[in-house]
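The block underneath contains the structure these notes are about, expressed in C-alpha cells.
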Amino acid sequence: MSSVDPDGREEPDAEGQAPSADDIDDPGLQSEIANPADSNQPTGSSAAPGEGTTAADDEPVPAPGAPGELSSDQTPSQGQERGGSASPAADDVAQVPGGDAGSPDTTAPAATAPAAGAPASGTDSAVVPEQPPPTPTAAVREGAAAERSRADKAARADEVAEVVDSAETPEVDEAAGRLLDTLRSALGDDLQQTHVAHGRELWARVSVDAWRRTAEVCRDELGLTYFCFLSAIDWMPSPYGRSEEPAAGDENADDAEQGGDEESPAAIEHGYAGGETRFQLFARLMAPVTSVGLILKADLPDDDLRAPSLVGVYAGADWHEREAWEMYGITFDGHPNLIHLYLPGAFEGNPLRKDFPLLSREVKPWPGLVDVEAMPGEGDGS
Amino acid sequence: MSAVPQNQQRAYVTGQAADARVNVELETDGMTLNIGPQHPATHGTLRIITRLDGEQVISAEPVMGYMHRGYEKLVEVRTYPQVTTLINRIDWLGSFANEVPFILAAEQLMEIEAPPRAQWIRTVLFEMSRIANITLFLGDMGVQLGAITAVFYAFRDREHVLNQIEAATGGRFHPNYDRIGGLKEDLPKGWVAETKSAMDKVRRFCDEMETLLLGNEIFETRARGIGVIPPEIALSYGLSGANLRASGVDWDLRRDSPNPLAWSEVDWKVWTHPDGDSFARYWVRLQETREAAHIVDQLLDGLPSGPIMAKVPRIIKVPAGEAWVSTENPLGEMGYYVVSKGDLGPFRVKIRTPSFNNISIVPWVMKGVYVPDVITILASLYFILGDIDR
C-alpha cells in the first residue's frame, strides 16, 4: 500500500483496492437512489486495509479523547508556568509544546475535565476502547448505521426519553454516559433527551429555561471551556421546496420526495435528540486539548422565541446570538447589545427561516436559464 | 495571566493621568474614529468604530456584513456536490481547506470513506493551502507595521505553492477538487518532485522572514506585549488556531481530534507560545508554516498508491442525520454542522468559521490600547473577511 510512485500515478491493476468494485453493481443503481442508506454503506473500497487512516476514523475515540498521550499534553496554561518572566526570546520558546509543563496541577483547572465526576479526560484513558476485532470497519459501519436508524426512529417517536445507543463499543458509551450523568444529576428533569453517536458526538436536549444553567455546568463541571458556536435550526420543511428543478435523468427518484414535501409542509421531523417545536437553538461546547465536545439543543416555544443569553458564561456567544437573533428572530434575554450583525439596520424578516424565500431562486430556477445565451463559437457551429 | 492586561491598562491610565497633569491644555475630548470599511489594515471590508480618549481606545466595535453572502441560506438550495464550489469562497486564501470538513461531514453521514491515497493527497493540499494562506500573513503583518519589503517576498513565494495547487486541481484559488468519496482526479506527472522543490522555497521564505522581521527592533517593539490575550479569555471567546496556540494552549485539531486525514501518519509538532501577544501570534504562524512544509514533504515521501475515489452512487443522496466535523484550518477551527433529511442537498448547514470568533474578541482586546496598536492587533489576529461574513 505504501509503495511510492514518485509521480503520483498508480497502475490501475497493481493495487489492493480490489474488493471495492464488486460491492455495488449497477443493477442496484436505481435502488441506491431510492434508498441511499443501504447503498452507501458497504463501499468496500474505502475500507482498504492496512492504512491506519481508514480504521482510525471509525475508532470510537470521541468522548474520551485519545487516551494515553493526551494527559501529558494538557498544558493549556503554560503561561502560568512561565511565571513573571518577560517574553522569552524566540528560540527559548521553541520548545514549549507538549508536556514540559510537567506539573499537572497547573494544567488542571483550565482545560482538563474537572474533578466533579466528569468523564472528560483522565478517567477515560483507562477505558481505551478495545477495537472490535478484525474487519473493524465494516462491522462498525453496519453497527453504526443500524444504530442511527434506530435512533432516528426513537427520535421520531417523539417521546421524551433517553436515547442512548449502546450497540457496540460500550466503553465509549460509558464515557459519554458519565458525561451525560453529570449533566443529568446537575439538571434533573431539564435534561430532556440525549443522543450518542459512536466515535463522533454527543447531543443533549435541555429545556430552554435551563439553557444558561446548562452552559454553566458545562463550563464549570465538565470542563467544556471552549465556545465553539451557537445557532438555531428551523425544522419546518421549506414551503418553497428546494427551489430546484430535478436534474435530468432522476425525475422518478426525486419528484416523489420533493412533491411529498411540498404537499405536507407541516410535517416536521426533528434530528438527533428529538424536539417538539419548530425552532431549536443549538450550540456546541468543547473541552480544549481533549477535544471532547457536546452539542446542546433547546426547544423554543413557537409563540415565544426567547432564550437566556449565554454571554455571561461564554463571552464568545455575543456575536453568535446577534446572528441567531437577526437570522431567526430569537430574542436573547440578558444580551448586552442585541443589534444587527450582518444585515442592514432596516432589514425586515429573518432570512434563515424556512419561510423566507430566497428571491434569486424564485426569479431564476436552478440550474438552467443561466445558460440560455450561446457561448462564443457555439451558436455559429450549428 | 489575566493580570497582564490589567497591568497594561493601569499603565495606560497612570500615563494618561500624568500627561493630563502636565498638559492640562492638551486634554482631549472623546472622539469617534471610524476605521474602514475600506482600510488597508482590514484587507477587506471590515469597519471598526473606535471611541478615543486622546490616543487611547476606549471602545472598539467591529461592524460586519459588508460582504455577507448568506452561504447558510444558499447551501440549502444546492446539492452536495455543488456546495464545494460555494464554500471555497469562505476563506479564499486557503480554499481547499474549506472543502475538506464539509466533505468529511457528508462522508460521515454516508458512511463512506475515501481511499488512503485520496486522504493523503487531501492532507497534502490542505497543508499547502495553509502555506498559501499564512505566507501572505507573514508578509502582510510586516507591511502593517511599516516594513514594506516582506510582503513582496510573500507574494513571490506564495506563487510557487499556488502554481502547484493549480497544477493539481486546475484552480489557483478555488480548486473545487475535493469530492465526496475521494478527489476529482489524481496528481499530474512530475507533481511530487516539483512540490518538494516548492517546499524548499517555502522554507527559505520562512528563514527570510525570520531574519527580516523577527530580529527587527521596530517590529519587536510594536508587536511585543501588544494585544495580550490570556488563554481562558481566548477560550471563552472561542479563539482557535494559531491565535489560541499563541496564548499557550497546546491544542491542534489535526493532532487532537479523530479524523481520517493523514496527519497522524507523519511526524510533526504543534507550536505554542506562552505570551499571547501580537508577536507570539506572528511567531507561531511562522513556525507553523515551516511545519506545514515539513508535513507536506513527509506525506509526499510516503504517498500510498491506489484509487483516489471510493465507490459512491452517481447521484449523491446523503442519508438523514446530523454530523459535525471541524478541522484545523489555516485560520483556526473551521467546521460544518450538516443536517440532512435524505435529500440531494442539505437541510441546514451551520458554518463555523474561525475568523468570526477570532475577531469577536476585538472589543475586549482593544480596550485601552493606543491607536497604532489597533492596526498591529488586527493584523496579528489575522482574519479573512469572507471567513467572517461568509
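Keeping their order, the protein sequence lines are chains A and B. Under this note's numbering, the first residue of the first sequence carries the number 1, and numbering increases by one thereafter. Under this note's numbering, the first residue of the second sequence carries the number 1, and numbering increases by one thereafter. Built from N, CA and C at the ideal position, the CB exists for glycine as well. The model shown is predicted, which means the values in this text are computed figures rather than measured ones.
Does the distance from the CB of M199 (chain B) to the CB of V75 (chain B) come in under 7 Å?
no
Please report the straight-line C-alpha distance between E276 (chain A) and S238 (chain A), rounded to a whole angstrom.
18 Å
Please classify R178 (chain A): does DSSP put it in a helix, a strand, or coil?
helix
Heavy atom of the ligand FAD less than 6 Å from the Cβ of L305 (chain A), yes or no?
Because no ligand of any kind appears in the structure shown, any question about the ligand FAD cannot be addressed here.
What did DSSP end up calling A242 (chain B) once you bin it into helix, strand or coil?
helix
Ignore the nearest five residues each way along the sequence and tell me which others in T289 (chain B)'s own chain have a CB closer than 6 Å to its CB.
I131, I134, C206
Nearest to S278 (chain B) by alpha carbon, out of B:T85, B:I316, B:G248?
B:G248
Close Cβ partners of L187 (chain B) (< 6 Å) along its chain, the five nearest in sequence each way excluded
A168
Taking the continuous alpha helix (DSSP H) assigned at T289 (chain B), which residues delimit it?
278-301
Answer yes or no: do V266 (chain B) and Q287 (chain B) have a C-beta to C-beta separation smaller than 7 Å?
no
Measure from the C-beta of P288 (chain A) to each C-beta in chain B and report whether the shortest distance is under 7 Å.
yes
Residues that DSSP places opposite A298 (chain A) in a beta bridge:
A:V206, A:L281
Count the CB pairs spanning the region 312-323 of chain B and the region 221-241 of chain B that are closer than 8 Å, and state whether there are at least three.
no
With which residues is P239 (chain A) paired in a DSSP beta bridge?
Paired residues: none, contrary to the question.
CB contact check: A204 (chain A) to chain B, cutoff 7 Å:
no
Measure from the alpha carbon of P351 (chain A) to the alpha carbon of each residue in B:S360, B:N7, B:T32, B:H68, then state which is nearest.
B:H68
Which of helix, strand or coil DSSP assigns to L352 (chain A)
coil
Looking at the unbroken beta strand (DSSP E) that takes in L33 (chain B), where does it start and where does it end?
30-35
What distance in whole Å lies between the Cβ atoms of G332 (chain B) and S240 (chain B), which are believed to be in contact at a cut-off of 8 Å?
3 Å
Return the CA-CA distance between R352 (chain B) and Y337 (chain B), expressed in angstroms with no decimal places.
8 Å
Measuring only the C-alpha atoms, how far is A66 (chain A) from H335 (chain A)?
Low per-residue confidence applies at A66 (chain A): pLDDT is 37, beneath 50, and the placement is therefore not dependable, though the value from the model is reported in the following sentence. The alpha-carbon atoms of A66 (chain A) and H335 (chain A) are separated by roughly 37 Å.
Return the CA-CA distance between G312 (chain A) and L285 (chain A), expressed in angstroms with no decimal places.
15 Å
Per-residue contacts from Y328 (chain A) into chain B (C-beta, under 9 Å):
Within chain B, no residue comes near Y328 (chain A); the closest Cβ sits about 11 Å away, beyond 9 Å.
Can the beta-carbon of E127 (chain B) be found less than 7 Å from the beta-carbon of A292 (chain B)?
yes
Rounded to the nearest angstrom, what separates I377 (chain B) and P230 (chain B) at their Cα positions?
14 Å
For Y237 (chain B), decide whether its Cβ has a neighbour in chain A, counting only Cβ atoms nearer than 7 Å.
yes
Classify D389 (chain B) as helix, strand or coil using the three-state DSSP reduction.
helix
Suppose you measure from the CA of W251 (chain B) to the CA of A18 (chain B); what does that come to, to the nearest Å?
42 Å
D355 (chain A) to V365 (chain B) span [Cα, whole Å]:
39 Å
Interface residues of chain B facing F229 (chain A) [CB-CB closer than 7 Å]:
K350, R352
Below-7 Å beta-carbon distance, A276 (chain A) vs any chain B residue
Before going further, note that residue 276 (chain A) is Glu rather than Ala in the sequence given. Answer no: the Cβ-Cβ gap between E276 (chain A) and chain B never drops below 7 Å.
Residues near M31 (chain B) by beta carbon distance below 7 Å, same chain, minus five either side:
L52
Going along the region 57-70 of chain B in order, which residues come within less than 7 Å of chain A, judged by CB to CB distance?
M64, G65, H68, G70
Between G223 (chain A) and V339 (chain B), which are expected to be in contact by the criterion C-beta below 8 Å, what is the C-beta distance as a whole number of angstroms?
At roughly 27 Å, the Cβ-Cβ gap does not stay under 8 Å, so G223 (chain A) and V339 (chain B) are not in contact.
Hey, does S360 (chain B) have any beta-carbon neighbour from chain A nearer than 7 Å?
yes
For I359 (chain B), which residues from the same chain have a beta carbon less than 7 Å from its beta carbon, with the 5 sequence-adjacent residues on both sides left out?
P62, L381, F383, I388
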